[in-house]
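When you line the sequence shown up against the UniProt record's numbering, it's residues 1 to 252, in that order. Ideal Cβ placement from N, Cα and C applies to all residues, glycine included.
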Amino acid sequence: MTLGPEPAADPDATPIVGTPAGAVPPVPGAPVPGAPMPGAPMPGAPMPGAPLPGVPGPGAPGPGGPAGARTRSGRTWHRFHYAVGVFLIAYGVTGLATGVLLWTDRRDEIEGYFASVGSGTATGVLVLVKAVEAALVLAAVAGVALRRDMLFVPALAGWMAGFAMFGVLDVFTARWGGLAEHLVYLAGFVLLLFLSYGLSAKAQLAGAAREAPDDPSAGSRGLTRTQEFALQAINRIPTGLTAPRPRPGRHD
Numbered sequence: 001m002t003l004g005p006e007p008a009a010d011p012d013a014t015p016i017v018g019t020p021a022g023a024v025p026p027v028p029g030a031p032v033p034g035a036p037m038p039g040a041p042m043p044g045a046p047m048p049g050a051p052l053p054g055v056p057g058p059g060a061p062g063p064g065g066p067a068g069a070r071t072r073s074g075r076t077w078h079r080f081h082y083a084v085g086v087f088l089i090a091y092g093v094t095g096l097a098t099g100v101l102l103w104t105d106r107r108d109e110i111e112g113y114f115a116s117v118g119s120g121t122a123t124g125v126l127v128l129v130k131a132v133e134a135a136l137v138l139a140a141v142a143g144v145a146l147r148r149d150m151l152f153v154p155a156l157a158g159w160m161a162g163f164a165m166f167g168v169l170d171v172f173t174a175r176w177g178g179l180a181e182h183l184v185y186l187a188g189f190v191l192l193l194f195l196s197y198g199l200s201a202k203a204q205l206a207g208a209a210r211e212a213p214d215d216p217s218a219g220s221r222g223l224t225r226t227q228e229f230a231l232q233a234i235n236r237i238p239t240g241l242t243a244p245r246p247r248p249g250r251h252d
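Pasting the structure below:
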């Protein structure tokens with residue numbers, strides 16, 4: 001039984017709004033052609049779990065990753081820092097060895113500085129001094145192994161403080177020969193610290209020049225006045241000593 005005229009059969013029938021004449025009307029609830037399926041991402045939207053633009057993914061090495069740490073640690077390392085580290089290690093090992101071999105003489109020397117203390121207290125002071133010296137040697141070893149020139153600072157500062165302390169004791173005990181010896185060692189370690197500081201500034205400038213060859217002042221912006229002064233002193237050394245070694249190339 002037909003309730004009314006079909007739109008496609010009767011040309012005078014009123015067509016359904018939004019449906020072309022002669023087309024089959026859409027079934028209610030059916031998906032519209034060209035529309036996204038329910039739950040599908042919109043066109044141009046990032047996929048779920050995909051990293052956003054400019055944001056590194058979970059496995060991407062960031063500035064604090066291993067590569068960044070190696071870059072920062074080697075940026076202020078000069079090849080002459082190996083010589084500084086080897087000297088500190090050799091000096092510390094020699095001091096520890098002589099302290100063991102000449103234990104009685106070192107204890108008597110401590111008793112001479114502290115006349116009111118007994119041999120037991122002098123032994124404890126000597127053990128403490130050698131323990132601190134062993135820690136300074138380990139700091140120097142770590143600096144050479146990790147190529148971290150900043151690890152030389154505790155070793156250098158520790159020995160400088162020790163020589164300064166013994167120099168003060170020499171003044172109070174009127175040991176002028178010991179005072180001259182300790183002042184010479186103190187001056188040597190101050191010079192070594194200054195040299196290490198200048199080498200770090202020189203290596204930092206060289207690294208900045210490689211990173212930004214078009215900006216000659218890129219590395220000098222981060223230098224302190226002390227580093228600039230140390231760098232000027234280092235630059236007065238003959239170029240063949242501190243300049244980077246030329247890499248061997250092919251000659252035609």
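Thinking residue i and residue j are a contact (beta carbons under 8 Å), I'd like their distance in whole angstroms, please.
i	j	result
Met160	Phe189	5 Å
Gly95	Glu133	6 Å
Ala233	Gly177	Incorrect: roughly 31 Å between the Cβ atoms, too far for contact.
In angstroms, rounded to a whole number, what distance separates the CA positions of residue i and residue j?
i	j	result
Ala203	Leu193	15 Å
Leu205	Arg147	17 Å
Ala187	Glu181	10 Å
Lys130	Val100	9 Å
Ala145	Gly120	38 Å
Glu228	Phe114	43 Å
Leu195	Thr104	36 Å
Thr98	Arg107	12 Å
Thr123	Arg175	21 Å
Arg79	Gly167	33 Å
Gly143	Gly162	20 Å
Leu102	Arg75	42 Å
Leu138	Thr173	32 Å
Leu169	Tyr185	15 Å
Do residue i and residue j have their C-beta atoms closer together than 8 Å?
i	j	result
Leu128	Pro154	no
Ala140	Leu88	yes
Val125	Ile110	yes
Leu183	Val171	no
For residue i, which of the options has the nearest alpha-carbon?
i	options	result
His81	Asn235, Ala233, Ser200, Glu228	Ser200
Trp77	Tyr91, Asp105, Phe152	Phe152
Leu156	Leu191, Asp170, Leu179	Leu191
Gly158	Leu102, Tyr91, Thr173	Tyr91
Drop a sphere of 10 angstroms on the beta-carbon of residue i, count the other beta-carbons inside from all chains shown, and report buried for 16 or more, exposed for fewer.
i	result
Gly112	exposed
Arg236	exposed
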